[in-house]
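Taking it in order: structure first as structure tokens, then the write-up.
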Amino acid sequence: MGQRTLLRGLTLAVAAVLPLCGPAVVQAAESAATAVAVCGHTSAQPTLRRGSTGDPAVEAQCELNLATKPSRYTPIAADGSFGPATETRVKEFQRCAGLGVDGVLGPQTWAALNTWAAQPHTCATRGTSSTAQPAVCGHTDTRPTLRKGAAGVEVKELQCRLNLAMEPFHYPPLAIDGDFGGGTESRVIELQHCANLSADGVVGPNAWAQLADWSGRNTYCTPPRPAGYPIDGLDTAKYQHPGGAPIDWTAVRASGVEFATVKATRGTNVTDAYLATDLKAARAAGLAVAPYHFYTGTSPDTGAAQADRFVAAVRATGYTGQRAGDLPPVLDLERMDDGSGRCPTYGTVDDAKAWLDRVEAAFGRTPIIYTQKSFLDDCLGSTTAFARYPLQLADYRRSISRPPLPDGSTTWTMWQYTDAALFPGIQAPATADVFNGTQADLDRLANR
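So for the sequence shown, the working numbering puts the first residue at -19; every next one is plus one.
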């Protein structure tokens, strides 16, 4: 799998795809303006009930599978026959979505189903495992070898099964459109990594067999945490507060998380809305905590001014860098967060050093640098100027056992290995880290 461009601010916008239940889902469903063939069978959505048959019934069964599997319901048969099992699953879905429970697929249930099938949602109650089903998407039983450029019903079956096999909060669902493009190829490669198969993006017999297994029962491919690093951490910003929801830091700590980096500022004029509450609450819950600053190079020679903004903002929260639980401050050096993937227009080594020097002088701590080797290579000339700083390296590839080091550096401190981890107490996905060291090492870094 190719190395992803790191845009901490933008990748966290996956928070818009988050678990919902009850009235919020009803509102979302009612906002659906048109019928959608999420599974690619038909956009015809007549009222269906026990005894109904045909393409609308297959579409409904397929969408029910996509909508309820995130809550650990085993898929039902997508055979076009609306029997007792389908009626039961409709009722279960209606309860999940806060709708009237009658087992009939009318306009409101269809609208909610379209929403839940296209985006991952979870129910307040979890399903129970039952017998795996061989037909869960309803397109075709044929399993030809498929690769990029293929099209047709077999590709729809592939895309649907990928959506059912890959944990949807980590792997956002594909459009089931029958077009084997780059997005489908990337997802196939992710599946192959999950299943320890040759990661060539080609769907042959082994990939089909794994898809049939995972998509037909109560299980998912989920990205594992890196082996050999027992201490967990996470990174938060406003994206972990969907709709203003607070983070339950006590629950986060109880889940085993030991450290957190909390967004403080961006550029010269933005302070994260949740800096004050999150920094204090995470520390109070017992986590080692660092505030971080997103460096922008949209104007020349602003590093010192950005540092001043950061210092003022975090001092206002009580952060000194010297208290028990205070990790060093973090400078986030990465590509522009405007979706372009470009290097910061006026970003320079000297300007970044201006930030680092001023913040180090303010807090008496050597800052940590969040970055990745490819950014320093592409945007800052493979500089070795940051070799003395502790590193938080971002790399989401599952094919590596440690992140690659920038030129001149000999070790790393934190590895951000995913941008879509799910934590108790947080109502949206977050980036997750591991710490390169022992608990005693982390305690020393956090003045404990």
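We put the beta carbon where it would ideally sit given N, CA and C, even for glycine.
Classification of residue i by the beta-carbon crowding that lies within 10 angstroms, buried from 16 upward
i      : result
Gln7   : Annotation note: pLDDT 37 at Gln7 (below 50); position unreliable, no value reported.
Leu93  : buried
Ala133 : Per the sequence presented here, residue 133 reads as Val, with Ala not at that position. Val133 should be labelled exposed.
Arg338 : buried
Gly118 : buried
Asp421 : exposed
Gln419 : exposed
Gln220 : buried
Gln139 : buried
Asp180 : exposed
Ala264 : exposed
Ala400 : buried
Enclosing alpha helix (DSSP H) for residue i [first to last residue]
i      : result
Glu165 : 162 to 174
Gln286 : 283 to 295
Phe274 : Not the alpha helix (DSSP H): Phe274 falls in the beta strand (DSSP E), residues 268 to 274.
Arg263 : 255 to 264
Lys439 : The chain is shown from -19 up to 428; residue 439 falls before or after that span and cannot be answered.
Ala179 : From DSSP, Ala179 is part of no alpha helix (DSSP H); its letter is neither H nor E.
Ser195 : 185 to 196
Leu422 : 419 to 425
When the options are compared against residue i, the one with the closest alpha-carbon
i      : options                        : result
Ala408 : Asp35, Gly83, Thr33, Pro100    : Pro100
Arg69  : Ala98, Thr108, Gly34           : Thr108
Pro271 : Asn176, Gln372, Val16          : Gln372
Glu238 : Ala296, Phe274, Ala332, Ala262 : Ala262
Leu154 : Glu147, Gln190, Asn143         : Asn143
Thr251 : Gln286, Pro280, Arg382         : Gln286
Pro309 : Tyr326, Trp335, Asp331         : Trp335
Glu67  : Arg30, Thr257, Pro280          : Arg30
Phe343 : Leu313, Phe290, Gly361         : Phe290
Glu137 : Gly20, Ala40, Ala240           : Gly20
Ile349 : Asn176, Ala332, Cys42          : Ala332
Asp157 : Met316, Ala401, Val16, Asp330  : Val16
Pro404 : Asp228, Gly224, Asp306         : Asp228
Ala410 : Val81, Ser61, Gly321, Thr241   : Thr241
Start-to-end residues for the beta strand (DSSP E) that takes in residue i
i      : result
Gly213 : 212 to 216
Thr230 : Careful: Thr230 lies outside any beta strand (DSSP E), inside the alpha helix (DSSP H) at 229 to 234.
Leu311 : 310 to 312
Arg246 : 237 to 246
Asp306 : No beta strand (DSSP E) holds Asp306; DSSP gives it neither H nor E.
Asp413 : 410 to 415
Ignoring anything shorter than 4 residues or poking outside the region 14 to 88, list the alpha helix (DSSP H) runs there in chain order. 35 to 48, 64 to 76
Decide if the region 52 to 66 is in contact with the region 164 to 174; the criterion is three or more beta carbon pairs, one per stretch, under 8 Å apart. no
Specify whether the region 69 to 77 and the region 35 to 51 touch according to this definition: at least 3 beta carbon pairs, one from each stretch, less than 8 Å apart. The region 69 to 77 vs the region 35 to 51: in contact.
Should the region 186 to 199 be regarded as contacting the region 230 to 239, the criterion being three or more beta carbon pairs within less than 8 Å? no
I'd like to know if the region 211 to 222 and the region 380 to 392 are in contact, where contact means that at least 3 CB-CB pairs between them fall below 8 Å. no
Runs of alpha helix (DSSP H) lying entirely within the region 344 to 401, each at least 4 residues, in chain order: 353 to 359
Is there contact here, the region 145 to 152 with the region 348 to 366, by at least three beta-carbon pairs under 8 Å? No, because fewer than three Cβ pairs between the region 145 to 152 and the region 348 to 366 fall closer than 8 Å, the two stretches do not touch.
Please confirm if the region 293 to 310 is in contact with the region 271 to 282, defined as three or more CB-CB distances below 8 Å between the two stretches. yes
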